[in-house]
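Chemist: I'd like to ask you about the structure that follows.
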Amino acid sequence: MKGAEAVIQSLLAEGVDTIFGYPGGAIMPVYDSLFDFTDQIHHVLVRHEQGAVHAAQGYARTSGRVGVCLATSGPGATNLITGLADAMIDSTPVVCITGQVASHLLGTDAFQETDVVGVSMPVSKWNIQVTRAKDIPAAMAKAFYIAKSGRPGPVLIDITKDAQFGDLEYTYTHCTQLRSYNPCPAPAQHAIKKAAELINNAKKPFLLVGQGIILSGAENELKELVEKSGIPFAWTLMGLSAMPTDHPLNMGMLGMHGNYAPNIKTNECDVLIAVGMRFDDRVTGDVNRYARQAKIIHIEIDQAEVNKNIAADVPVIGDAREVLEDLLPLVNENNHEEWIGEFLALRAIEEEKVSQEELFPEKEGLTMPEIIRRVSEKTKGEAILVTDVGQHQMAASRYFGFNKTRSNVTSGGLGTMGFALPASLGAKLGVPDREVVAVIGDGGFQMNMQELATIRQTHAAVKIVILNNNFLGMVRQWQQLFFDRRYSFTEMENPDFVKLGEAFHIPSARVSERGDVDAAISKMLESEGPYLLEVMVEKEDNVFPMVPTGAAVSEIRLS
Amino acid sequence: MKTHKYTVAVFTENFIGLLTRITLIFTRRHVNIESITVSESEVRGVHRYTLVVKTTEDVVQRIVQQIEKQVEALKAFYYREEEIIHQEIALYKVSTKFLDGQHNLEKLIRDNHARMLSLDSEYLVIEKTGHKHETQALLEELQPFGVLEFVRSGRVSVAKRMKELSEYLDEMETELQARVEAGKNQ
Ligand SMILES: Cc1ncc(C[n+]2csc(CCOP(=O)(O)OP(=O)(O)O)c2C)c(N)n1
């Protein structure tokens, strides 16, 4: 067998049936082999390699499987880098396979030679260059194992062209362990006991839900735990949808543009239980004034995250599901009505001061939240929400309702504009039966809008909502608040998005009047294939609440 | 927080690119690596990196955690100066014209517990092992003779604690096997 076919056989052995890619010289042998397997592998031809990797991320996030991309050497490979960085910081399992110049040309600055192993090192969980055909199956097996095990992440395999052409005796052995790698350490039972003690004695416990819950499949255990112990919880941006939004113990979203109550109560609780999250600075605000009064229990699979940003009183290293399973029988039944009442009182303040006018505006212009609310109501919490980066992302994250896990796909840690359009394509292909709505700003849309062609070509029924404020809204907001309203290069003269969508043969519409919004959204959701809806929103609305940079979470502002 | 000199010892599988991954962990945090030495360890196939850095305990602790997170890194430690026995080697190339009996080069070598490694018609090479301040002191004493070339190696060190690497490896192996058997290493 040729190395190129070994690549494909390895993918099949790993159960891969969908890949995202773009051909070129150094990966042509693999593409040639792929041509014999089109009945088993659905290859999605993206229009830019960045689109491939974001699509693979979207696919991985909704399906729970590994996302796979294929690209050529040089520019093809470097175009993957942003997506690798994004997947790295958001713990998304992705395997990228890149072609490389023939091994005798390595280091000669050959045509389209880039040291992609070097370039991708800081943004990959693991990477390898393969120069011999016989090494391909083992490298592939290792790559998949590393990508999906423990704290997931992106890996890259760079395969020289001669290795793709070379012969090997193909056998495939799944990688199930590596001596130097303990992806999922056994949680220390004494730590779990200590955590239970703290929880049982707490008067004002508060639980933070991170993406680790979703990645470890701990949704049920979490639900049992909070319901048994009566502990209110809030989620990080990446933890969204780990529980139903309308769960009575859900206090909303943490962080810079999260909700009022959970941010304030972080600095009032007596025991803070953080599960599968990493205390990102967007969540903590000023770390020196973060939950100083509380005993902190940090349940986390990645040892390197413990005591990195916030010191834990009781660290529990392990898989969230495993830890919660063990913790559950040790935790007493309880309720914390009074304490929860304090959250609800703050929620009422937020509703009165912020949400009411945002969701049911009396002013003329359309707001982002009211559009999100309508889409959310019409999809009844069943849809997958894909967001880009900016004001619309924060509005959507606060106001979209979820009934099912793995329903939120966004670029959290990296904040990659241009993520949503390709990610929504991947999200849809990952779970074709579910409705996928992409909410994107006019700025971010233009960063990867070429993927409209891919969406069209795959007939992926993605519903694209562009919230057009004719500004790089989030940056403009900061300019207004912190740079004296000096709107330096944030206003945009945009293309006609409706014509643009139509040019890609995607049914498209624009709405700018409140009275037309309902019908426009219904039409979008009722249409069979992909659909693009441009909504003209207020140009200079701001997102609140807000924890300004450097402030404590309890200093969250409502205006 | 106060900065100190720390010696970081890393035990790894032999894997191309790992050196870069490890140094990136330091440079990314703007920590300068003062010296680095790589060799095979007492366990066959396991490589040992010795890095010296000046930073706070806080930072070195996080760095070590990040190093251990690398797939091919087996184990990493950090040590304060008093927790290790360490050594460096320095070579000094000096012109033979000073070997005229008048310059007391011989006494200097003797007093410094250095030794002459090689003697050529034009130059001699002096070797001295010791801590940095010792090899530095000899350098300064030799300066008047015009040192033609000087080089100092990175630090090598062994820990004072008696636990052997193989014990750590055995413990890790046992833990990992238990996880594998429980089907919980995914
Ligand atoms: C690739 C990239 N470049 C720049 C930024 C900085 N940035 C963050 S939000 C934002 C504005 C986004 O504008 P838009 O897409 O129109 O969304 P809005 O905030 O208006 O909802 C910018 C430029 C980024 N996050 N990503």
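Same order as they appear, the protein sequences are chains A and B. Positions in the first sequence are counted from 1; adding 9 to them yields our numbering. Positions in the second sequence are counted from 1; adding 1 to them yields our numbering. Idealized CB from N, CA, C, for every residue including glycine.
Contact check, V562 (chain A) vs N276 (chain A) under 8 Å by CB: the rounded distance?
Modeler: The residue given as residue 562 (chain A) occupies position 553 in the first sequence. The residue given as residue 276 (chain A) occupies position 267 in the first sequence. Yes, they are in contact, since the Cβ atoms of V562 (chain A) and N276 (chain A) sit about 6 Å apart, within 8 Å.
Chemist: Quick one: what does DSSP say Q103 (chain B) is sitting in, helix, strand or coil?
Modeler: Against the second sequence, residue 103 (chain B) aligns to sequence position 102. Coil at Q103 (chain B), not helix or strand.
Chemist: In chain order, what residues of the same chain lie with their CB nearer than 6 Å to the CB of Y569 (chain A), ignoring the 5 residues before and after it?
Modeler: Lying before the first or after the last residue shown, residue 569 (chain A) is absent from chain A, which here runs from 10 to 568.
Chemist: DSSP state of I627 (chain A), grouped into three classes?
Modeler: Nothing can be reported for residue 627 (chain A), as the shown portion of chain A is limited to 10 through 568.
Chemist: Is the region 50–57 of chain A touching the region 165–179 of chain A in the sense that three or more CB pairs, one from each, lie closer than 8 Å?
Modeler: Verdict: no, contact absent.
Chemist: Between the C-alpha atoms of Q186 (chain A) and K157 (chain A), what's the straight-line distance to the nearest angstrom?
Modeler: For the purposes of this step, residue 186 (chain A) is identified with residue 177 of the first sequence, where counting begins at 1. For the purposes of this step, residue 157 (chain A) is identified with residue 148 of the first sequence, where counting begins at 1. C-alpha separation (whole angstroms): 12 Å.
Chemist: Any heavy atom of ligand 1 closer than 7 Å to the Cβ of G264 (chain A)?
Modeler: On the first sequence, residue 264 (chain A) is found 255 positions in, with the first residue counted as 1. False, no ligand heavy atom lies under 7 Å from that Cβ.
Chemist: Report yes if the C-beta of F480 (chain A) is less than 7 Å from at least one heavy atom of ligand 1; otherwise report no.
Modeler: Taking the first sequence and counting its residues from 1, one reaches residue 480 (chain A) at position 471. Yes, the beta carbon of F480 (chain A) sits closer than 7 Å to at least one heavy atom of ligand 1.
Chemist: Just the Cα atoms here: how many angstroms apart are T169 (chain A) and A86 (chain A)?
Modeler: Counted from its first residue, the first sequence places residue 169 (chain A) at position 160. Counted from its first residue, the first sequence places residue 86 (chain A) at position 77. Using only the alpha carbons, I get a separation of about 13 Å.
Chemist: Can you name the residues of chain B whose CB is closer than 9 Å to the CB of Y299 (chain A)?
Modeler: As a first step, residue 299 (chain A) is located in the first sequence; it is residue number 290 there, counting from the start. Per Cβ cutoff of 9 Å: no residues; Y299 (chain A) is ~16 Å from chain B at best.
Chemist: Determine the chain B residues that contact E371 (chain A) at a beta-carbon separation under 8 Å, and present them in chain order.
Modeler: Reading the first sequence from its first residue, position 362 is the one you call residue 371 (chain A). The premise fails here: E371 (chain A) is roughly 50 Å from chain B at the closest Cβ pair, so nothing lies under 8 Å.
Chemist: What residues in its chain sit with their C-beta under 6 Å from that of L93 (chain A), if we drop five residues either side in the sequence?
Modeler: Sequence index remark: in the first sequence, residue 93 (chain A) carries index 84 (1-based). Here the set comprises S129, V132, S133 and P163.
Chemist: Hey, which unbroken runs of the beta strand (DSSP E) at 3 residues or more fall wholly within the region 75–100 of chain A?
Modeler: Listed in chain order, they are 76–80.
Chemist: At a threshold of 7 Å, does H57 (chain A) count as lining ligand 1 (C-beta to nearest heavy atom)?
Modeler: For the purposes of this step, residue 57 (chain A) is taken as residue 48 along the first sequence, with counting starting at 1. Answer for H57 (chain A): no, Cβ out of range of ligand 1.
Chemist: Got a sec: which bits of the region 182–203 of chain A sit with their beta carbon under 9 Å from any beta carbon on chain B, in order along the chain?
Modeler: So the close ones are T185, Q186, L187, R188, S189, Y190, N191, P192, C193, P194 and A195.
Chemist: I want to see whether chain A comes within less than 8 Å of T21 (chain B), judged by CB atoms only; does it?
Modeler: On the second sequence, residue 21 (chain B) is found 20 positions in, with the first residue counted as 1. Yes - at least one Cβ of chain A is within 8 Å of the one on T21 (chain B).
Chemist: Just to check my reading of the structure: T245 (chain A) and L217 (chain A) have Cβ atoms closer than 8 Å, yes? What is that Cβ distance to the nearest angstrom?
Modeler: In the first sequence, residue 245 (chain A) corresponds to position 236, counting from 1. In the first sequence, residue 217 (chain A) corresponds to position 208, counting from 1. Contact holds; Cβ gap of about 7 Å.
Chemist: Please confirm whether any heavy atom of ligand 1 lies closer than 7 Å to the CB of L20 (chain B).
Modeler: By 1-based counting over the second sequence, the position of residue 20 (chain B) is 19. L20 (chain B) Cβ: outside cutoff for every heavy atom of ligand 1.
Chemist: Going by C-alpha to C-alpha distance, which of A:T81, A:Y181, A:A69 and A:T293 sits closest to L20 (chain A)?
Modeler: Residue mapping note: residue 20 (chain A) aligns to position 11 of the first sequence, counting from 1. Checking every option, the nearest Cα to that of L20 (chain A) belongs to A:Y181.
Chemist: Compute the minimum distance between the beta carbon of M483 (chain A) and the heavy atoms of ligand 1, and state whether it is under 7 Å.
Modeler: For this step, residue 483 (chain A) is matched to residue 474 along the first sequence. Under cutoff, so the answer is yes.
Chemist: Identify the continuous beta strand (DSSP E) that holds I168 (chain A) and give its terminal residues.
Modeler: By one-based count along the first sequence, residue 168 (chain A) stands at place 159. Element bounds for I168 (chain A): P163 to T169.
Chemist: For the region 117–136 of chain A, which residues have a CB atom closer than 8 Å to at least one CB atom of chain B, in sequence order?
Modeler: The region 117–136 of chain A vs chain B, Cβ under 8 Å: V126, G127, M130, P131, K134, W135 and N136.
Chemist: With a threshold of 8 Å, are at least 3 pairs of Cβ atoms found where one atom belongs to the region 310–317 of chain A and the other to the region 62–72 of chain B?
Modeler: The region 310–317 of chain A vs the region 62–72 of chain B: in contact.
Chemist: Can you tell me which residues form a DSSP beta bridge with D176 (chain A)?
Modeler: Sequence index remark: in the first sequence, residue 176 (chain A) carries index 167 (1-based). Its beta-bridge partners are A:K11.
Chemist: Alpha carbon to alpha carbon, how far is E89 (chain B) from H104 (chain B)? Give it in angstroms, no decimals.
Modeler: For this step, residue 104 (chain B) is matched to residue 103 along the second sequence. For this step, residue 89 (chain B) is matched to residue 88 along the second sequence. Cα to Cα, H104 (chain B) sits roughly 27 Å from E89 (chain B).
Chemist: Establish whether the CB of K129 (chain B) and some CB of chain A are separated by less than 8 Å.
Modeler: Here the question's residue 129 (chain B) lines up with position 128 in the second sequence. Chain A contact via Cβ: absent.
Chemist: Verify whether the separation of the beta carbon atoms of P431 (chain A) and G60 (chain A) is less than 8 Å.
Modeler: Numbered from 1 along the first sequence, position 422 holds the residue referred to as residue 431 (chain A). Numbered from 1 along the first sequence, position 51 holds the residue referred to as residue 60 (chain A). Going by C-beta atoms, P431 (chain A) is nearer than 8 Å to G60 (chain A).
Chemist: At the level of alpha carbons, what is the spacing between L542 (chain A) and G73 (chain A)?
Modeler: Locating residue 542 (chain A) in the first sequence gives position 533, where the first residue counts as 1. Locating residue 73 (chain A) in the first sequence gives position 64, where the first residue counts as 1. For L542 (chain A) and G73 (chain A), the distance between alpha carbons rounds to 29 Å.
Chemist: Would you say G46 (chain B) faces chain A, with C-beta separation under 8 Å as the test?
Modeler: The count along the second sequence starts at 1 and reaches residue 46 (chain B) at position 45. No, its Cβ sits nowhere closer than 8 Å to a Cβ of chain A.
Chemist: Give the DSSP-derived three-state secondary structure of M293 (chain A) in the structure shown.
Modeler: Here residue 293 (chain A) refers to the residue found at position 284 of the first sequence. Inspection of the sequence shows that residue 293 (chain A) is occupied by Thr rather than by Met. If DSSP states are grouped into helix, strand and coil, T293 (chain A) belongs with the helices.
Chemist: Please classify H114 (chain B): does DSSP put it in a helix, a strand, or coil?
Modeler: Here residue 114 (chain B) refers to the residue found at position 113 of the second sequence. Residue state, collapsed to three classes: coil.
Chemist: In chain order, what residues of the same chain lie with their CB nearer than 8 Å to the CB of I90 (chain A), ignoring the 5 residues before and after it?
Modeler: Sequence index remark: in the first sequence, residue 90 (chain A) carries index 81 (1-based). Hits under 8 Å: V128, S129 and V132.
Chemist: Report buried or exposed for Q109 (chain A), applying the criterion of at least 16 other Cβ atoms within 10 angstroms of its Cβ.
Modeler: Here residue 109 (chain A) refers to the residue found at position 100 of the first sequence. Classification for Q109 (chain A): buried.
Chemist: Under DSSP, the alpha helix (DSSP H) around N479 (chain A) begins and ends at which residues?
Modeler: Start at 1 with the first residue of the first sequence, and residue 479 (chain A) comes out as number 470. Counting along the chain, N479 (chain A) falls outside any alpha helix (DSSP H), and DSSP gives it neither H nor E.
Chemist: Run through chain B and tell me which residues come within less than 8 Å of D311 (chain A), C-beta to C-beta.
Modeler: Start at 1 with the first residue of the first sequence, and residue 311 (chain A) comes out as number 302. Those within 8 Å of D311 (chain A) in chain B are K70.
Chemist: Tell me the DSSP bridge mates of N259 (chain A)?
Modeler: To locate residue 259 (chain A), count along the first sequence from 1; it is residue 250. Looking at the DSSP assignment, N259 (chain A) forms a beta bridge with A:F242.
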